[in-house]
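Each protein sequence line maps, in turn, to chains A and B.
Under the UniProt record's numbering, read the first sequence as residues 1 to 417, first letter to last.
Under the UniProt record's numbering, read the second sequence as residues 1 to 417, first letter to last.
Here a beta-carbon is modelled for each residue, glycine too, at the ideal position from N, C-alpha and C.
2 protein chains.
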Amino acid sequence: MSLYVMKFGGSSVGDTERMKRVAKRIAEKQDEGHQCVVVVSAMGDTTDELIDQSKLLNENPPAREMDMLMVNGEQISMALLSMAIHNLGRDAISFTGWQAGFRTEAVHGKARITDIHPERVKKALGEGKIVIVAGFQGMTDEGEITTLGRGGSDTTAVALAAAIDADFCEIYTDVDGIYSTDPRIVKNARKLKEISYDEMLELANLGAAVLHPRAVEYAKHSGVPLIVRSSFNYNEGTVVKEEAVMEQGVVVSGIAYDKNVARISILGVADHPGVLARVFGSLAAHQIDVDIIVQSGGQNGEADFSFTVGLSDRERAIEVLNKTRDELPFRDITFEDNLVKVSIVGAGMVSHPGVAAQMFDVISDQGVNIKMVSTSEIKVSCVIEGGKLQEVIRALHTAYNLDTEEQAFVGGPETRR
Amino acid sequence: MSLYVMKFGGSSVGDTERMKRVAKRIAEKQDEGHQCVVVVSAMGDTTDELIDQSKLLNENPPAREMDMLMVNGEQISMALLSMAIHNLGRDAISFTGWQAGFRTEAVHGKARITDIHPERVKKALGEGKIVIVAGFQGMTDEGEITTLGRGGSDTTAVALAAAIDADFCEIYTDVDGIYSTDPRIVKNARKLKEISYDEMLELANLGAAVLHPRAVEYAKHSGVPLIVRSSFNYNEGTVVKEEAVMEQGVVVSGIAYDKNVARISILGVADHPGVLARVFGSLAAHQIDVDIIVQSGGQNGEADFSFTVGLSDRERAIEVLNKTRDELPFRDITFEDNLVKVSIVGAGMVSHPGVAAQMFDVISDQGVNIKMVSTSEIKVSCVIEGGKLQEVIRALHTAYNLDTEEQAFVGGPETRR
Numbered sequence: 001m002s003l004y005v006m007k008f009g010g011s012s013v014g015d016t017e018r019m020k021r022v023a024k025r026i027a028e029k030q031d032e033g034h035q036c037v038v039v040v041s042a043m044g045d046t047t048d049e050l051i052d053q054s055k056l057l058n059e060n061p062p063a064r065e066m067d068m069l070m071v072n073g074e075q076i077s078m079a080l081l082s083m084a085i086h087n088l089g090r091d092a093i094s095f096t097g098w099q100a101g102f103r104t105e106a107v108h109g110k111a112r113i114t115d116i117h118p119e120r121v122k123k124a125l126g127e128g129k130i131v132i133v134a135g136f137q138g139m140t141d142e143g144e145i146t147t148l149g150r151g152g153s154d155t156t157a158v159a160l161a162a163a164i165d166a167d168f169c170e171i172y173t174d175v176d177g178i179y180s181t182d183p184r185i186v187k188n189a190r191k192l193k194e195i196s197y198d199e200m201l202e203l204a205n206l207g208a209a210v211l212h213p214r215a216v217e218y219a220k221h222s223g224v225p226l227i228v229r230s231s232f233n234y235n236e237g238t239v240v241k242e243e244a245v246m247e248q249g250v251v252v253s254g255i256a257y258d259k260n261v262a263r264i265s266i267l268g269v270a271d272h273p274g275v276l277a278r279v280f281g282s283l284a285a286h287q288i289d290v291d292i293i294v295q296s297g298g299q300n301g302e303a304d305f306s307f308t309v310g311l312s313d314r315e316r317a318i319e320v321l322n323k324t325r326d327e328l329p330f331r332d333i334t335f336e337d338n339l340v341k342v343s344i345v346g347a348g349m350v351s352h353p354g355v356a357a358q359m360f361d362v363i364s365d366q367g368v369n370i371k372m373v374s375t376s377e378i379k380v381s382c383v384i385e386g387g388k389l390q391e392v393i394r395a396l397h398t399a400y401n402l403d404t405e406e407q408a409f410v411g412g413p414e415t416r417r
Numbered sequence: 001m002s003l004y005v006m007k008f009g010g011s012s013v014g015d016t017e018r019m020k021r022v023a024k025r026i027a028e029k030q031d032e033g034h035q036c037v038v039v040v041s042a043m044g045d046t047t048d049e050l051i052d053q054s055k056l057l058n059e060n061p062p063a064r065e066m067d068m069l070m071v072n073g074e075q076i077s078m079a080l081l082s083m084a085i086h087n088l089g090r091d092a093i094s095f096t097g098w099q100a101g102f103r104t105e106a107v108h109g110k111a112r113i114t115d116i117h118p119e120r121v122k123k124a125l126g127e128g129k130i131v132i133v134a135g136f137q138g139m140t141d142e143g144e145i146t147t148l149g150r151g152g153s154d155t156t157a158v159a160l161a162a163a164i165d166a167d168f169c170e171i172y173t174d175v176d177g178i179y180s181t182d183p184r185i186v187k188n189a190r191k192l193k194e195i196s197y198d199e200m201l202e203l204a205n206l207g208a209a210v211l212h213p214r215a216v217e218y219a220k221h222s223g224v225p226l227i228v229r230s231s232f233n234y235n236e237g238t239v240v241k242e243e244a245v246m247e248q249g250v251v252v253s254g255i256a257y258d259k260n261v262a263r264i265s266i267l268g269v270a271d272h273p274g275v276l277a278r279v280f281g282s283l284a285a286h287q288i289d290v291d292i293i294v295q296s297g298g299q300n301g302e303a304d305f306s307f308t309v310g311l312s313d314r315e316r317a318i319e320v321l322n323k324t325r326d327e328l329p330f331r332d333i334t335f336e337d338n339l340v341k342v343s344i345v346g347a348g349m350v351s352h353p354g355v356a357a358q359m360f361d362v363i364s365d366q367g368v369n370i371k372m373v374s375t376s377e378i379k380v381s382c383v384i385e386g387g388k389l390q391e392v393i394r395a396l397h398t399a400y401n402l403d404t405e406e407q408a409f410v411g412g413p414e415t416r417r
């Protein structure tokens, strides 16, 4: 007998028919002799509908009241799913975030979990019940209701799995698992049997939308084995764990891309200490996240440097920088929008020099210019022109021996989101 | 400065436009210098939609999970209303039932309030905030979420008003106040300026759907003055309080009717002690509510008696009685369905003998047979054939000097329910 936390996302419980299927799936897990704690997201479009209603009343609603509104989406799911399980003759009990013991910091809209007191969850499990927990929510020490922000339900599942010492945390979604790259671009993308937390973190951060980075970080921190699999079929998923077994000859595990990239260049900056700190300090003060930073420099006491931000932050970033122009003299600011960041990720890279060089070769062979490069121990990212993204990804996929003969399963009635 | 509890029902917050109107109304009350605590029901059809969804998953869902589902209706209303108030530049804060301190017995679907700890409500009022509380819900000492059942939001409002020592509890609805009878039947029904708790209780119990009897009982018990008024206009409502000032010459305050009446007669029952107890004990054991009981009797050691039950209970009541036939010998059971109960209510009756006799006269003058009679200090009820209900009510209304020259305001876009 193992203890499973099973997390079902919004499209998996998108309507009452799908919810019945999920209930059946949970009952089957119980029939195999396991204990089940289930974390659910809001049904399909519920969250969007609630946001739409709020906008009609207040374009800029207070974050506290927004949390009071949003938590109902998950709470409706959880109660309905519990009823569907009862309908199969099983005993189930649903808990809100605070009932399941989730305590968070006193921040609305994106609170971090500070502590979990899962006594009620454990007691119900001890009574043979299937426990359903609303994802994405918690409570402060003062009894204020909070939400965990993007990826909150994944995080709920992983954190709860750690708190109750679950054997596995299964993330059910509308794709079959983690693929070597986006199966919409490469039809014979390889489904990974295993992947390490670190690799998954890089992939999650790099735009693979299946698992939220916060959840992966939490899993890495607590050592809970994650399984990503489809709620629409019984295929084996991908296991995310500390030390993934590397397949023979696989140096690169996956290829990710991110289209949400703008490059800003500051030209002719006085090249003295503290300049970078001032530039990026002022951007951070305006909540603008900077990704890759490249300094090319040092002629006549002047330097140029470039960095990337999200597309929607580009205009504001330039405004902020122009305000510091006097204080921080520079000659000019330029920007470029039609870009994409392509990354290869793999724990095997560490011991294989030349992986990056091969990537640059493959990209040039496609006649594509590399604008920026950034590396870590387990990844290489290149910012390139966006026009030939698909060709580049396919070429890299082949070059790193990731192609399989099977065609990827790209999801149920909905594609990933 | 007075402290008001204002309760808005489902049709008053039926959509976002109406919710804006309610927000404005609350802001106006604050502008008059008052403190406001607002109790809201679920928006329009939300409750029905949630029930419909649950039925698709489980025809007979567990009561606990039903409570977990239903409370979201009020919680969505409360958060949206708070946002609408913020949009008017006011500070508002919404609380779930448990956050507002409502403790109930451990019963699902129709819990009674055991205790209220309104510390957070009082603190927020002290900070100048408008407080919005979700109606209809509470929590047990074990942290289980409960609902209060029918009329639960009215009860929430009255109980909270008592707990925070409010000066007034205003029940906003889609009619102008309490009328001398149903304005759909009598166009020139009189809107009552004042009515006593006891009269209101009789009217509420007798089918006037504006205020739930539980809420009136609670108000009577705690002495909170209730005001029933429309959320669609600024007309003065009806004040419900301990000692209503009687208008000159008004003996009967109102006329109520109830179409949900079936009469069952048991004929030829052995006339000895304990028979009635056995009959009504077995009905009570099956949760069948009996209203009027009339025994006519005593020939040859046999008696006949008749009683009324709700229409939907009639068939089951006869089944139950037939099962006791051997143990409790009787000759026959008959029933009659096409009936209606008409009642006159008025605190003035006590000191005016002959009010009942006048009622019987007026009914006979309409050529209508009286089947059963029941009286209390402040009401007389007659069960009559249903065919001439409207004529009987109009004749009684005139006979007791209740007609006015004004035409009643029968509500906003929706009729009462």
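Check: Shorter than 7 Å from the beta carbon of H86/A to some beta carbon of chain B?
Finding: If you number the first sequence from 1, residue 86/A lands on position 86. With 7 Å as the cut-off, H86/A counts as an interface residue toward chain B.
Checklist line | Interface partners of I370/A on chain B, CB under 8 Å | finding: The count along the first sequence starts at 1 and reaches residue 370/A at position 370. Within 8 Å Cβ-Cβ: nothing; I370/A doesn't reach chain B, min ~48 Å.
Checklist line | Interface positions of the segment 126-155 of chain A facing chain B (Cβ-Cβ less than 7 Å), listed along the chain | finding: G143
Notebook entry, point to check: From D313/A to Q287/A, what does the alpha carbon distance come to, in whole angstroms?
Noted result: Residue 313/A sits at position 313 when you count from the first residue of the first sequence. Residue 287/A sits at position 287 when you count from the first residue of the first sequence. Their backbone Cα atoms lie some 9 Å apart in a straight line.
Next item on the list: Using alpha carbons as the reference points, say which of D91/A, L81/A, V368/A, G177/A lies closest to V133/A.
Entry: If you number the first sequence from 1, residue 133/A lands on position 133. Answer by Cα proximity: L81/A.
Check: In this structure, does DSSP put I85/A in helix, strand or coil?
Finding: Taking the first sequence and counting its residues from 1, one reaches residue 85/A at position 85. The answer is helix: DSSP assigns I85/A an H, G or I state.
Margin query: Residues in the same chain with beta-carbon distance under 6 Å from G268/A, minus the five sequence neighbours each way, listed in chain order, please.
Written below: Residue mapping note: residue 268/A aligns to position 268 of the first sequence, counting from 1. Same-chain partners within the cutoff: E302, F330, R331.
Next item on the list: For V131/A, count neighbouring C-beta atoms within 10 Å of its own C-beta (all shown protein chains included) and say buried if the count is 16 or more, exposed if not.
Entry: Numbered from 1 along the first sequence, position 131 holds the residue referred to as residue 131/A. The residue in question, V131/A, is buried, as its Cβ has 16 or more Cβ neighbours within 10 Å.
Item checked: Residues that A194/A bridges to, as DSSP identifies them -> On the first sequence, residue 194/A is found 194 positions in, with the first residue counted as 1. Reading the sequence as shown, one finds Glu at residue 194/A and not Ala. In the DSSP output, where bridge partners are listed per residue, E194/A has V239/A.
Notebook entry, point to check: Apart from the five residues just before and just after I76/A, which ones in its own chain have a Cβ nearer than 8 Å to its Cβ?
Noted result: Taking the first sequence and counting its residues from 1, one reaches residue 76/A at position 76. Once the five neighbours on either side are set aside, the close Cβ partners of I76/A are A42, M43, T46.
Item checked: Under 9 Å from the C-beta of K123/A: neighbouring residues of chain B -> Taking the first residue of the first sequence as position 1, residue 123/A is located at position 123. Chain B residues near K123/A: none, gap ~11 Å exceeds 9 Å.
Checklist line | Helix, strand or coil at G223/B [DSSP, three-state] | finding: Here residue 223/B is taken as the residue at index 223 of the second sequence, counted from 1. If DSSP states are grouped into helix, strand and coil, G223/B belongs with coil.
Margin query: Tell me the rounded alpha-carbon separation between G274/B and K371/B.
Written below: As a working mapping, residue 274/B is identified with position 274 in the second sequence. As a working mapping, residue 371/B is identified with position 371 in the second sequence. Taking the straight line from one Cα to the other gives about 25 Å.
Next item on the list: Identify which residue in D141/B, L339/B, V210/B, E144/B has its Cα closest to the Cα of S180/B.
Entry: Residue 180/B sits at position 180 when you count from the first residue of the second sequence. Out of D141/B, L339/B, V210/B, E144/B, V210/B has the C-alpha closest to the C-alpha of S180/B.
Item checked: Contacts that M19/A makes with chain B (C-beta to C-beta distance below 8 Å) -> As a first step, residue 19/A must be located in the first sequence, where it is residue number 19. Correct list: L57.
Checklist line | Closest by C-alpha distance to A166/B, when choosing among I145/B, V175/B, D198/B, S222/B | finding: Within the second sequence, numbered from 1, the residue matching residue 166/B stands at position 166. When only C-alpha atoms are compared, the closest one is S222/B.
Check: What does D258/B pair with, by DSSP beta-bridge criteria?
Finding: Locating residue 258/B in the second sequence gives position 258, where the first residue counts as 1. In the DSSP output, where bridge partners are listed per residue, D258/B has K341/B.
Notebook entry, point to check: Going by DSSP, what residues sit across from L267/A in a beta bridge?
Noted result: Working through the first sequence from its first residue, we reach residue 267/A at position 267. D332/A.
Next item on the list: Note down, in chain order, all residues in the segment 54-78 of chain B with a beta-carbon under 9 Å from any beta-carbon belonging to chain A.
Entry: S54, L56, L57, N58, E59, N60, P61, P62, R64, E65, M66, D67, M68, L69, M70, V71, N72, G73, Q75, I76, M78
Next item on the list: Determine, using beta carbons only, whether G10/B comes closer than 7 Å to chain A.
Entry: The residue given as residue 10/B occupies position 10 in the second sequence. By this cut-off, G10/B is not an interface position.
Next item on the list: For L125/A, collect the residues of the same chain with a Cβ closer than 8 Å to its Cβ; drop the 5 residues on either side in sequence, then sort them by chain order.
Entry: To locate residue 125/A, count along the first sequence from 1; it is residue 125. Taken in chain order, the residues that qualify are L3, Q35, V37, V131, I164.
Checklist line | Residues near P118/B by beta carbon distance below 8 Å, same chain, minus five either side | finding: Position 118 of the second sequence, counted from the start, is the residue given in the question as residue 118/B. Closer than 8 Å at Cβ, skipping near neighbours: A100, G101, L160, A163, I164.
Note to self: So for R103/B, helix, strand or coil by DSSP?
What the structure shows: Position 103 of the second sequence, counting from 1, holds the residue named residue 103/B. If DSSP states are grouped into helix, strand and coil, R103/B belongs with the strands.
Notebook entry, point to check: Is any beta-carbon of chain A found at less than 7 Å from that of L160/B?
Noted result: The count along the second sequence starts at 1 and reaches residue 160/B at position 160. No - not a single Cβ of chain A is within 7 Å of the one on L160/B.
Margin query: Does V158/A pass the burial test, meaning 16 or more other C-beta atoms within 10 Å, or should it be called exposed?
Written below: Numbered from 1 along the first sequence, position 158 holds the residue referred to as residue 158/A. V158/A should be labelled buried.
Checklist line | Under 9 Å by beta carbon: chain A residues contacting T46/B | finding: Mapped onto the second sequence, residue 46/B falls at position 46. None at all; the shortest Cβ gap to chain A is about 10 Å.
Checklist line | Residue closest to L203/A, alpha-carbon to alpha-carbon, out of N188/A, K24/A, V240/A | finding: Mapped onto the first sequence, residue 203/A falls at position 203. Taking only the C-alpha atoms, the option nearest L203/A is V240/A.
Check: What does G149/A pair with, by DSSP beta-bridge criteria?
Finding: Against the first sequence, residue 149/A aligns to sequence position 149. G149/A is not bridged to any residue.
Check: Buried or exposed: S376/B, going by 16 or more other Cβ atoms within 10 Å of its Cβ?
Finding: For this step, residue 376/B is matched to residue 376 along the second sequence. The residue in question, S376/B, is exposed, as its Cβ has fewer than 16 Cβ neighbours within 10 Å.
Next item on the list: Quickly, what does DSSP pair S94/A with across the bridge? List them, please.
Entry: Against the first sequence, residue 94/A aligns to sequence position 94. Answer by DSSP bridge pairing, in chain order: I132/A.
Check: Does the segment 251-259 of chain B touch the segment 341-348 of chain B, meaning 3 or more C-beta pairs lie closer than 8 Å?
Finding: yes
Check: Hey, would you say V309/B sits closer than 7 Å to A357/B, going by beta carbons?
Finding: In the second sequence, the residue the question calls residue 309/B occupies position 309. In the second sequence, the residue the question calls residue 357/B occupies position 357. Against a cut-off of 7 Å, the Cβ pair of A357/B and V309/B comes out as no contact.
Checklist line | Cβ of M6/B within 7 Å of any chain A Cβ | finding: Within the second sequence, residue 6/B is the residue found at index 6, counting from 1. Chain A contact via Cβ: absent.
Check: If we ignore side chains and look at the alpha-carbon of each, how far apart do V5/A and Q53/B end up?
Finding: Position 5 of the first sequence, counting from 1, holds the residue named residue 5/A. Position 53 of the second sequence, counting from 1, holds the residue named residue 53/B. Distance between the alpha carbons of V5/A and Q53/B is about 25 Å.
Check: Near Q283/A, what residues of its chain come up, given a Cβ to Cβ distance below 8 Å and the 5 sequence neighbours on each side ignored?
Finding: Translated into positions along the first sequence, residue 283/A becomes position 283. According to the sequence displayed, residue 283/A carries Leu and not Gln. V290, V309, A317, V320, L321.
Checklist line | C-alpha gap between H86/B and T16/B, whole angstroms | finding: Within the second sequence, the letter at position 86 stands for residue 86/B. Within the second sequence, the letter at position 16 stands for residue 16/B. Between H86/B and T16/B, the C-alpha separation is close to 14 Å.
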